[in-house]
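Trainee: Here you go, one structure.
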Amino acid sequence: MNIEIKTIDQIDRKEWNDLLAHSSTASYFQSPECYDFYQSLSFINPFGYGVSENGKLKGLVIGYIISDGNKIKRFFSRRAIIPGGILFLENISQSATGNLLQTLKEKLNKKVIYIEIRNYNDYTKYKSLFNENNFTYQAHLNFHVPTTSQEAALKNLSTTKRRDMKLSLKEGAEIIEADSREEIAEYYDLLKSLYQTKVKTPLFSVEFFERLVLNSYGKLFLIKYDGQIIGGSVCVGMEKNVLYEWFVCGTDTKFKNIYPSTLATWAAIKYAAENGYRYFDMMGAGKPDESYGVREFKAKFGGELVEYGRFCYVCNTLLYTIGKFGVKVLKHK
44 MNIEIKTIDQ IDRKEWNDLL AHSSTASYFQ SPECYDFYQS LSFINPFGYG
94 VSENGKLKGL VIGYIISDGN KIKRFFSRRA IIPGGILFLE NISQSATGNL
144 LQTLKEKLNK KVIYIEIRNY NDYTKYKSLF NENNFTYQAH LNFHVPTTSQ
194 EAALKNLSTT KRRDMKLSLK EGAEIIEADS REEIAEYYDL LKSLYQTKVK
244 TPLFSVEFFE RLVLNSYGKL FLIKYDGQII GGSVCVGMEK NVLYEWFVCG
294 TDTKFKNIYP STLATWAAIK YAAENGYRYF DMMGAGKPDE SYGVREFKAK
344 FGGELVEYGR FCYVCNTLLY TIGKFGVKVL KHK
């Protein structure tokens, strides 16, 4: 058997799309379109590798290297993030899988402190191979909301969410799609405030949202009320398959009987149902052993709770420990 590792530039796009179409672990985040989006951003360094067996592409991984803050903070926050998980063909051999994981470690080892693979599909059958290559599994939850029809999606909402959505529309809130820098900037200010006061983890720069929306890589469903943007949902999709909610926020306590976060998420679910997507992926609901208010919010949209988890490989144990401590301190400020 001839196993060959390829850089992303050596991979034929037609082969790549064919792998995407036939893989049970396919996601938007392992698509050529997503890689092109990563390349358009100035603040991340995208990477990608593939593995072929006897001339056929059997596995592929793309992701990005990112760090935050000033020079010292950037040194301690260097990380490789692989959203979506790795793309595998069903009949990929253990040797080819191992070679791809080994390549990932070798190429990134000196560049980052850790590698984090965020799975949006079920990787149970590959767990032992990841473990053999020193990738540690971390439990992490998510919700998948069926979107076979708008009527079914509406019925799946909890009574309170259905009421909040209808009440918001009745009071004059409206759903629009962002198509200007001004609208994106207004939404970004809301999201940035949320991250600074509650989430307390780094947020992408506004460039991310401008490129995603204005270059048609994704959609931003906005909630407008009384002439101002009060919430929104940022989504990307794998056509006729899955719509992913990357970010969502809203000023939920500012206006009486207006629930922008609920309405924004419903706008995205409704779009998925109207455009032939199988389900709506809420992209994370926290760790199962930790209470998480966001999980309670997301649970009320009628999705299936799944645990696909993450795989983490630590390249530098000392710096990883220091970094984890720093994040903990920031979150408790």
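Counting from 44, one number per residue, gives the positions in the sequence shown under our numbering.
C-beta atoms are modelled at their ideal positions from N, C-alpha and C, and glycine is treated no differently.
Between which residues of its own chain and residue 70 is the CB-CB distance below 6 Å, once the five residues before and five after are set aside?
Mentor: Cβ within range, chain order: 127 and 163.
Trainee: For residue 211, tell me which candidate among 300, 66 and 284 has the shortest Cα-Cα distance.
Mentor: 300
Trainee: When DSSP builds the beta bridges, which residues end up paired with residue 281?
Mentor: Answer is 285, bridged to residue 281.
Trainee: Which residues bound the alpha helix (DSSP H) around residue 129?
Mentor: Looking at the DSSP string, residue 129 is not in any alpha helix (DSSP H), and its letter there is neither H nor E.
Trainee: Reducing DSSP to helix, strand and coil, say where residue 335 ends up.
Mentor: If DSSP states are grouped into helix, strand and coil, residue 335 belongs with coil.
Trainee: Do residue 139 and residue 94 have their beta-carbon atoms positioned less than 7 Å apart in this structure?
Mentor: yes
Trainee: What first and last residue would you give for the beta strand (DSSP E) that runs through residue 183?
Mentor: Residue 183 -> no beta strand (DSSP E), and no H or E assigned at all.
Trainee: Once DSSP output is grouped into helix, strand and coil, what is the label at residue 267?
Mentor: strand
Trainee: Run through DSSP, which three-state label would residue 249 get?
Mentor: Note: residue 249 maps to helix in three-state DSSP.
Trainee: Alpha carbon to alpha carbon, what distance is there between residue 90 and residue 160?
Mentor: Between the C-alpha atoms of residue 160 and residue 90 there is a straight-line separation of about 13 Å.
Trainee: Within its chain, find whatever has a CB closer than 8 Å to the CB of residue 82; leave out the 5 residues flanking it on each side and keep chain order.
Mentor: 89
Trainee: When you compare each of 254, 53, 120 and 165 to residue 98 by their alpha carbons, which one comes out closest?
Mentor: 53
Trainee: Residue 341 and residue 186: beta carbons closer than 7 Å?
Mentor: yes
Trainee: Using beta-carbon positions only, say whether residue 321 and residue 284 come within less than 7 Å of one another.
Mentor: yes
Trainee: Along the chain, where does the alpha helix (DSSP H) containing residue 313 start, and where does it finish?
Mentor: 303 to 317
Trainee: For the alpha helix (DSSP H) containing residue 95, name the first residue and the last one.
Mentor: Here residue 95 belongs to no alpha helix (DSSP H); instead the beta strand (DSSP E) covers 88 to 96.
Trainee: Between the alpha carbons of residue 45 and residue 141, how many angstroms are there, rounded?
Mentor: Each residue's Cα considered, the two are about 14 Å apart.
Trainee: Output needed for residue 272: all residues of its chain with C-beta closer than 8 Å, excluding positions within five of it in sequence on either side, in chain order.
Mentor: Excluding sequence neighbours, residue 272 sits near 226, 229, 230, 233, 265 and 266.
Trainee: When you compare only the Cα positions, how much space is there between residue 132 and residue 252?
Mentor: The C-alpha of residue 132 lies about 32 Å from the C-alpha of residue 252.
Trainee: Quick test of your reading: residue 315 and residue 286, contact by CB under 8 Å. State the CB separation rounded to the nearest angstrom.
Mentor: Residue 315 to residue 286, Cβ: 4 Å. Contact.
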